[in-house]
Structure formats: structure tokens, C-alpha cells
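For reference, the structure discussed in these notes is given below.
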């Protein structure tokens, strides 16, 4: 086995590998990572190649400055990066790969290596040989964040998993005349989202409107907007990233505060859960409700998501100081 730096000639092979991997999502595809403007990140992604010149792992990564030094880290342009592997990748290969990664980091002269792993609910097959090998060679969990996800496989009646308050609020939305449908009006949703974030947190979305349009064009079947309408006005919505064929990821969530008394998001989430069940997805992922790299807990946000039956899923980042 050897590792080599990613170059553009590998782009199509890289994306094909990620699509057929056992733990990847579209966030590790070059098609996704390349939406960032050139020069925004110092890309230093790697490929692991076997003795027959076949790709057996990819590591989407970049250099990040830290206290006048640099660290080699999972690509900052994605929610998670980790080490993406295929079905044939076993423990022996994992135990071979990690020392090569460490040696590469030393040759680069970086201060540390950080790997932000793809959460297990996105894995189509057990992949913990990577986590074990990282720990075996001295990596430790540096950041632990907690997301909320709902398993969909064996749900026949979603009300059996929802809290009474969540059911009552969903019914309130229905009785108020709120309807939920898939929408293409990203501009209206984005206005509502930006207004929400400025009022509540004095911040802006991770993506600009033009970036999200670009992503929607790159992944037209994978980025979908589910919106609640009252008298034909959009009053709430969830922008869903279908990161792979297992999970519906609620990437952006917002509502118009003037219509919050209708509880439209309760109806949006109930509709999305039912859609996921009908279409054979394994989980709905509401994302993290921890803040400041897991050092703070947003209790209210956890309570709202857990009201639909969701429970905790770790998002872990491993670090090794060199």
C-alpha cells in the first residue's frame, strides 16, 4: 500500500470510489468539495493505492493554520470527511494505512493531524477498523459533538415514537390549514433563513445563497426543500441533503416567527419522516444541537428534536499531535 496526493486526473475515479464506498457521502466527492472557490482551502487530500494501482481509500483533507503552525485536517469545506473505504478494506489495511498517514504528516511538517469521521448512521457496512486503528496509533477523540437521528427501518406508526406535545403541535398545524410540499423556491426560503439567523444568533448561514444554488445544481436529486405554506405563503422549511441512500440530513431549518403559533415545523418534520419511511431511508438526521465544539448543550433544541423520537448520534473528531 502507498499513499499519494490527490490531483485532478483522479477526480472521476475518486468520485466513483466514494459513491461505491461503505462509509461515504456526497460531501466527500470532489463534485461537492469543488464548489468552494479555488484558493479558499489548501487542499491536501490523499489516496491510498494498493499494489495493483487500485484506490482502496480516500482522505479528503486540507491544511489549516493553528497558532502560527499548520495541521492536516479533514476537509473544512464539508461537515465530515474522515477516511473513506470500500467493502474490501479490512483491519490489516487500516493498521497499514494509519502509520503511512502519520509519516505523511511528519513529512509535511504539520503540528497535528485531525480526522472528523463520517457518523456511523451513514455507513452501509461496519467501518470501525478505521476508528480502532486511529486510536491504536495514538489518536484520541478531540471533539465530541452530539446529533439527533431517528431510525426509520421498523417504524409502522410514527406517533408511537413521538411525544404527545409534538403530535399536538403537528395536528395544530394541520387544523390551521398549513400544508407541506416540496418546493423549488430557494430564494424565499433563504430570505427566511437569513432573517431567522440574524435575529436569533446575529449570524449568517454557512453557505451563501449563490453557493447553495451552485450545490443544488450539482446535486439536483440530492438537495431538496420541504416547505410549509399557509394561504400560499412559505412560513417554514427544511433544506434536506440526501447525503447517501441511507440518510435524510436536515441541513437548514427555519420558520417565519410571525407564524410560529401554527407550529409549522412539526408538520414539516412529520411529513419528512413519513416520506423517509415510504422511500426506504434508514434515518432522519437533524444534525448537532451542541455548540462550541461540543462544549455547550442546547437543551431546548435537543428536546424539540427528541420529541419526534430522535436520539443521540456521536460526531467524533480524532487528533494526533506530532
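In the working numbering, the protein residues as written are 20 to 341.
Cβ atoms here follow ideal geometry from the backbone N, Cα and C, with glycine treated the same way.
Small disclaimer: the values here were computed from a predicted structure and weren't measured.
Test item: CB-CB of residue i and residue j under 8 Å
i, j, result
"residue 313", "residue 163", "yes"
"residue 146", "residue 42", "yes"
"residue 266", "residue 301", "yes"
"residue 132", "residue 341", "yes"
"residue 326", "residue 221", "no"
"residue 16", "residue 168", "Only positions 20 to 341 of the chain appear in this structure, which leaves residue 16 out of reach."
"residue 232", "residue 224", "no"
"residue 281", "residue 249", "yes"
"residue 338", "residue 161", "yes"
"residue 152", "residue 117", "yes"
"residue 119", "residue 295", "no"
Enclosing beta strand (DSSP E) for residue i [first to last residue]
i, result
"residue 46", "Here residue 46 belongs to no beta strand (DSSP E), and DSSP marks it neither H nor E."
"residue 187", "Segment 183-194 is the alpha helix (DSSP H) holding residue 187; no beta strand (DSSP E) there."
"residue 280", "From DSSP, residue 280 is part of no beta strand (DSSP E); its letter is neither H nor E."
"residue 268", "266-274"
"residue 253", "252-260"
"residue 37", "From DSSP, residue 37 is part of no beta strand (DSSP E) but of the alpha helix (DSSP H) over 30-38."
"residue 170", "159-170"
"residue 175", "Counting along the chain, residue 175 falls outside any beta strand (DSSP E), and DSSP gives it neither H nor E."
Through-space distance from residue j to residue i, alpha-carbon basis
i, j, result
"residue 39", "residue 105", "7 Å"
"residue 32", "residue 216", "38 Å"
"residue 244", "residue 159", "37 Å"
"residue 103", "residue 44", "9 Å"
"residue 198", "residue 255", "10 Å"
"residue 53", "residue 135", "19 Å"
"residue 75", "residue 60", "25 Å"
"residue 81", "residue 113", "21 Å"
"residue 210", "residue 149", "41 Å"
"residue 214", "residue 181", "29 Å"
Where the alpha helix (DSSP H) containing residue i begins and where it ends
i, result
"residue 155", "148-155"
"residue 330", "First-last for residue 330: 330-340, but that is the beta strand (DSSP E), not the alpha helix (DSSP H)."
"residue 117", "110-127"
Assigned exposure category for residue i - 16 Cβ within 10 Å defines buried
i, result
"residue 27", "exposed"
"residue 352", "Limits of the chain in this structure are 20 at one end and 341 at the other, which puts residue 352 out of reach."
"residue 252", "exposed"
"residue 98", "buried"
"residue 73", "exposed"
"residue 303", "buried"
"residue 56", "exposed"
"residue 318", "exposed"
"residue 316", "exposed"
Of the listed residues the options, nearest to residue i (C-alpha basis)
i, options, result
"residue 29", "220, 44, 60 and 68", "68"
"residue 62", "87, 88, 95 and 271", "95"
"residue 77", "21, 110, 58 and 205", "21"
"residue 246", "232, 206 and 220", "206"
"residue 278", "292, 195 and 171", "195"
"residue 235", "58, 248, 204 and 110", "204"
"residue 86", "47, 130 and 101", "130"
"residue 308", "295, 299, 288 and 331", "331"
"residue 310", "144, 165 and 37", "165"
"residue 49", "70, 71 and 25", "25"
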